[in-house]
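Chemist:
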Amino acid sequence: MAALCESFTLCGLGPSSGVGLDGGLLALEPGPDHDHVLLTDRGRTATLFKVSDQKPLGCWSAKHGQIITCPVVCNFETHEYIAVHDDKVLRIWKNTDVNLDKVFKATLSADVYRIHSLPKGGPVVLFKGGGVRTLDVLLEAPQQEIENIISDEVIKWSEAFMEHQQPVLIFATEKDGDSFVYVQKLKMNDLHKYKLEQQELSKPLSFTAYIKNQIITLLCLSSNDSVYKFLIPLQQNTEEEEQILPRSLLLNLSVSGSVLKGTSFVVLDKDHIAVLGSLATAGEESKECLTIWNTKFQTLQTSKELPLGTSGQIWCYEKKFFFTHGKVLTVVMYKCETSSLAAAVGKLKDSQAPDVSSFVDWNTLGDEELVISFQSQQSVALKPESGMTLRSKKNTVAKVQPDTLSVGQLLLNLKDASTTVFENELRQVMSKGQMPDFQATIGCVVTALINRCKANPKYYPRNFLLQIVQNQDLSYSLCPDLMVVALEKKDLHLLQICLQRFPDIPEEITYACLRAFLSISDAYLQRIDLNLESVICYLDIEFNNKEVKTEIVENGFSTELEQDIWETKITKKPHVTSDGESCPVGPQKAALLNAVLHSAYSETFLLPHLKNLPAQQAVLFLRYLYYLYVKCSEKINTTLPGTCPPTVNQIMDWLCLLLDAQFSVMVMLPEAKELLSKLHKFVRAQVRFYSELNKIEGSLRELQRLNHQKDPHTYSIEVLELI
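Just so you know, full-length UniProt numbering puts 206 at position 206 of the sequence shown, and the rest follows in order with no gaps.
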């Protein structure tokens, strides 16, 4: 959901405004601070404004007869300002400078179109002939020859990004009604040219772009009242001089018989754009307005009439819109929230929603938005082939051939199939690893299996689910009911793997797993096959009638003692720390608790759940955390041996969290009193030890400095006294 919030006037634009913006606004650029903007007028003045105070912080003007020909920008690395007047004269100054005639000046050999300043890449200069230079390279030789790339084409728009720590520049040109796009990676001197697909009766009015995952998404506002999308991959293997970029319709700017004649637009997030233009209705006078559209659901979210008229240009910076309204520069704040269908059609969750078909053009939705319901209150997001629309289950089964079935349709058809056929078909779907959105498909497969488990309590494909989770990069959000069913079935191995692999498990589920692990007896756990790699190196574990004791010594070597107990019965003793503290749980439960320690969580959301942990389970968990903490402290590097054991930071975080949640209970329990006393003494000893280390820190640094100054090839023995 998107909404327009309060608005205010930043400054006047007329001769009486007092800030020099009497020639009309040329551009608005971000200033050196997030609350600052740089305004460049169409004459000879640049002004720095503090937005929150609506007051100018500085104003600089070129001499009479000189004209600033491209927007003034800020060099974010040096906090200097850069301007070009009369197309070729470059000026650079600081905030303390007053007279532009006395600041740094360089005359260039070619006309400048635009300067783009990147926060971590420095300023990039684009010339009208298509040549590109970084400011540093340009200042080394201002009169260097600039190549002419675009011949008779005229640049209409440009933008710059940082991608993988290198500047990327994109600019659009026009020639004889055709539009072209150039993409240049500066460090690699890599230039690609594209021709934009367009209709004969429409022409581009405005462009904007953003970059993500090595793909530039170029959006174009067209004269036929539509917004189109072009995808440009940065990684290009083709040697073609000019490629044609296909376009796809992103949005039609029409609603309820009215059409928005857009003049400029900006991207707000992945689902929203803002368009400035005139809303025309048949038989009525058109009205200029600012609008926000949801591209995901093809809806107009909000609008604001602008009766005093605008210049047709809009800028967006720090959640604020900037545009001229009459003779003032107006600022309008906005907010955007996560897009949902209910929000898009203006209906709350508990309201009676009308038929949404009149609001949404389903044919123009992105592929990922197509949804097919499996049952009531259960849906799975799919990506079928482009152009496929929603249809009823009856029509799908009747009209679509098996070779062309989408994943969702296939799962619907298999709903009543036998278990063998059902699982075999799902395995075939999973075998198609190169299909688009493979991970979403796997999520659909897992959801289908879980749905069948819910419908038939006797059915539970444990091995199949375990294989999927172990071999695929899944997440909790792709199959949210998987861990819930695993908890019901007490599938501890699957829960362990999910806790280790899923990055987005809700705190409620993490707590449910913790409570389940603590409540199950060690005798029951010995019969279950679990992954014990995280505990194998610091606990004694029996394997196939053999007791393997592994000890990690300080120099990195390990020793293994194996004792055959085929004929001799040996009672396994719990592993003991250096201070005599034994592990309070068996290796299987320790491995499960380690999986919980590895899971990501938010303290704010997990703490309320931990307060509900039964007292005996809380004490047991605290004993295990204390055991791990002491075990970590036995080694100099405070690291437990083994594969993916808990880190000392994870142990300490959970210790603190558990004590915060259960402290009032702990102090009342007699069995916890001794444990808290031990923990207090151990932590106090640790603090004293590190305090002593801090006292000799300066001497150790001096020793390190002396060693660096000596010849490393000279052998010597020295005795240093630490006083």
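Glycine included, each C-beta is placed from N, C-alpha and C at the ideal position. All values reported here derive from a predicted model rather than from experimental measurement.
Whole angstroms is fine: what's the gap from Ser7's alpha carbon to Lys304's?
Modeler: Residue 7 sits at position 7 when you count from the first residue of the sequence shown. Residue 304 sits at position 304 when you count from the first residue of the sequence shown. If you take the alpha carbons of Ser7 and Lys304, they lie about 11 Å apart.
Chemist: Per DSSP, Ala106 is paired with what?
Modeler: Here residue 106 refers to the residue found at position 106 of the sequence shown. Partner(s): Leu90.
Chemist: Hey, how far is the Cα of Cys5 from the Cα of Asn594?
Modeler: Position 5 of the sequence shown, counting from 1, holds the residue named residue 5. Position 594 of the sequence shown, counting from 1, holds the residue named residue 594. The straight-line gap from Cα to Cα measures roughly 48 Å.
Chemist: Helix, strand or coil for Gly443 per DSSP?
Modeler: For the purposes of this step, residue 443 is identified with residue 443 of the sequence shown, where counting begins at 1. DSSP places Gly443 in helix when its eight states are reduced to three.
Chemist: Quick one, are the C-beta atoms of Tyr624 and Val585 less than 7 Å apart?
Modeler: Sequence index remark: in the sequence shown, residue 624 carries index 624 (1-based). Sequence index remark: in the sequence shown, residue 585 carries index 585 (1-based). Against a cut-off of 7 Å, the Cβ pair of Val585 and Tyr624 comes out as a contact.
Chemist: Could you check the C-alpha separation between Ala3 and Asn95 for me, to the nearest Å?
Modeler: Walking along the sequence shown from the start, residue 3 turns up at place 3. Walking along the sequence shown from the start, residue 95 turns up at place 95. Between the alpha carbons of Ala3 and Asn95 lies a gap of roughly 36 Å.
Chemist: Looking at chain C, is there any beta carbon in it that lies within less than 7 Å of the beta carbon of Lys631?
Modeler: Any reference to chain C falls outside this structure, which holds one protein chain only.
Chemist: Checking the sheet assignment: what are the DSSP bridge partners for Phe180?
Modeler: Counting from one through the sequence shown, the residue named residue 180 turns up at place 180. Paired residues: Thr173, Lys195.
Chemist: My output table needs one value for Ile211: the three-state DSSP class, helix, strand or coil.
Modeler: Within the sequence shown, the letter at position 211 stands for residue 211. In the structure shown, Ile211 sits in a strand (DSSP, three-state: E or B).
Chemist: Taking only runs of the beta strand (DSSP E) that begin and end inside the stretch 235-262, which ones reach a length of at least 3 residues, in chain order?
Modeler: 242-245, 248-252
Chemist: Measuring only the C-alpha atoms, how far is Arg133 from Glu147?
Modeler: Here residue 133 refers to the residue found at position 133 when the sequence shown is read from its first residue. Here residue 147 refers to the residue found at position 147 when the sequence shown is read from its first residue. Roughly 10 Å separates the two Cα atoms.
Chemist: With respect to the beta strand (DSSP E) encompassing Phe8, which residues constitute its N-terminal and C-terminal limits?
Modeler: One-based indexing of the sequence shown puts residue 8 at position 8. Segment 2-12, the beta strand (DSSP E) holding Phe8.
Chemist: With C-beta atoms as the reference, is Ile497 less than 7 Å away from Gln470?
Modeler: Against the sequence shown, residue 497 aligns to sequence position 497. Against the sequence shown, residue 470 aligns to sequence position 470. In this structure, Gln470 lies closer than 7 Å to Ile497 by Cβ.
Chemist: Please look up how many angstroms separate the CB atoms of Lys128 and Ile170, rounded, as I've assumed it's under 8 Å.
Modeler: Taking the sequence shown and counting its residues from 1, the one referred to as residue 128 is at position 128. Taking the sequence shown and counting its residues from 1, the one referred to as residue 170 is at position 170. About 16 Å; that fails the 8 Å criterion.
Chemist: Considering only the alpha carbon of each residue, which of Gln198, Phe161, Leu205 lies closest to Gln184?
Modeler: By 1-based counting over the sequence shown, the position of residue 184 is 184. The shortest C-alpha to C-alpha distance from Gln184 to any of Gln198, Phe161, Leu205 is the one to Phe161.
Chemist: Would you say Leu28 and Lys327 are within 7 Å of each other, going by their C-beta atoms?
Modeler: Within the sequence shown, residue 28 is the residue found at index 28, counting from 1. Within the sequence shown, residue 327 is the residue found at index 327, counting from 1. Their beta carbons are not under 7 Å apart, which means Leu28 does not touch Lys327 by this criterion.
Chemist: Does DSSP classify Cys644 as helix, strand or coil?
Modeler: As a position in the sequence shown, residue 644 is number 644, starting the count at 1. Note: Cys644 maps to coil in three-state DSSP.
Chemist: With distances taken from CA atoms, which of Leu186, Glu174, Phe207 is nearest Thr195?
Modeler: Residue 195 sits at position 195 when you count from the first residue of the sequence shown. In the sequence as presented, Thr is not what sits at residue 195; that position holds Lys. Among Leu186, Glu174, Phe207, the Cα nearest to that of Lys195 belongs to Glu174.
Chemist: Using a Cβ-Cβ cutoff of less than 8 Å, which residues in the same chain neighbour Asn224 once the five nearest sequence positions on both sides are dropped?
Modeler: In the sequence shown, residue 224 corresponds to position 224, counting from 1. Answer for Asn224: Gln199, Leu201, Ser202, listed in chain order.
Chemist: Just checking my contact of Tyr317 with Val37 at CB under 8 Å: how many whole Å lie between their CB atoms?
Modeler: For the purposes of this step, residue 317 is taken as the residue at position 317 of the sequence shown. For the purposes of this step, residue 37 is taken as the residue at position 37 of the sequence shown. Right, their Cβ atoms sit about 6 Å apart.
Chemist: Just how far apart, CA to CA, sit Ala141 and Pro123?
Modeler: As a working note, residue 141 is residue 141 in the sequence shown. As a working note, residue 123 is residue 123 in the sequence shown. Rounded to the nearest angstrom, the two C-alpha atoms are 16 Å apart.
Chemist: Among residues of its own chain, excluding the 5 on either side of Ser182, which ones have a beta-carbon nearer than 6 Å to its beta-carbon?
Modeler: Taking the first residue of the sequence shown as 1, we reach residue 182 at position 182. The sequence given here places Tyr at residue 182; Ser does not occur at that position. Within the same chain, Tyr182 has close Cβ partners Phe171, Lys193.
Chemist: Considering only DSSP beta bridges, list what Gly58 is partnered with.
Modeler: In the sequence shown, counting from the first residue as 1, residue 58 sits at position 58. The partner list for Gly58 (beta bridge, DSSP) reads Leu48.
Chemist: How about Val73 and Ser109: do their beta carbons lie closer than 7 Å?
Modeler: Working through the sequence shown from its first residue, we reach residue 73 at position 73. Working through the sequence shown from its first residue, we reach residue 109 at position 109. No, the pair does not count as a contact, with Cβ atoms beyond the cut-off.
Chemist: CA-CA distance, Tyr113 and Asp271?
Modeler: The count along the sequence shown starts at 1 and reaches residue 113 at position 113. The count along the sequence shown starts at 1 and reaches residue 271 at position 271. Cα to Cα, the separation comes out at about 31 Å.
Chemist: Taking the straight line between their C-alpha atoms, what separation do you get for Ile68 and Leu268?
Modeler: As a position in the sequence shown, residue 68 is number 68, starting the count at 1. As a position in the sequence shown, residue 268 is number 268, starting the count at 1. Going from the Cα of Ile68 to the Cα of Leu268 covers about 29 Å.
Chemist: Just curious, the alpha helix (DSSP H) that Asp41 is in, first and last residue?
Modeler: Looking up residue 41 in the sequence shown gives position 41. Premise fails: Asp41 lies in the beta strand (DSSP E), 36-41, not in any alpha helix (DSSP H).
Chemist: With 16 other CB atoms within 10 Å as the buried threshold, where does Ile216 fall?
Modeler: Residue numbering aside, residue 216 sits at position 216 when the sequence shown is read from its first letter. That one is buried.
Chemist: Curious, which full-length alpha helix (DSSP H) runs of at least 4 residues does the stretch 470-553 contain?
Modeler: Fully enclosed alpha helix (DSSP H) runs of no fewer than 4 residues occupy 482-489, 492-501, 507-519, 522-525 of the stretch 470-553, in order along the chain.
Chemist: Between which two residues does the beta strand (DSSP E) harbouring His272 extend?
Modeler: The residue you call residue 272 lines up with position 272 of the sequence shown. Element bounds for His272: 272-281.
Chemist: Should Tyr626 be labelled buried (16 or more other beta-carbon atoms within 10 Å of its own) or exposed?
Modeler: For this step, residue 626 is matched to residue 626 along the sequence shown. It counts as buried.
Chemist: Helix or strand or just coil, what does DSSP make of Ala83?
Modeler: Residue mapping note: residue 83 aligns to position 83 of the sequence shown, counting from 1. The answer is strand: DSSP assigns Ala83 an E or B state.
Chemist: What three-state label does DSSP hand Leu118 in the structure shown?
Modeler: Sequence index remark: in the sequence shown, residue 118 carries index 118 (1-based). Of the three classes helix, strand and coil, the one that applies to Leu118 here is strand, per DSSP.
Chemist: Helix, strand or coil for Thr310 per DSSP?
Modeler: Working through the sequence shown from its first residue, we reach residue 310 at position 310. In this structure, Thr310 counts as coil in the three-state DSSP scheme.
Chemist: Short of 7 Å in beta carbon distance, which residues of its chain neighbour Val103, apart from the five on each side in sequence? Order them along the chain.
Modeler: Residue 103 sits at position 103 when you count from the first residue of the sequence shown. Correct list, in chain order: Arg91, Ile92, Trp93, Asp97.
Chemist: If you drop the 5 nearest sequence neighbours on each side, which residues of the same chain put their C-beta closer than 8 Å to that of Ser206?
Modeler: Here residue 206 is taken as the residue at index 206 of the sequence shown, counted from 1. Closer than 8 Å at Cβ, skipping near neighbours: Trp157, Cys220, Leu221, Gly262, Thr263, Ser264, Phe265.
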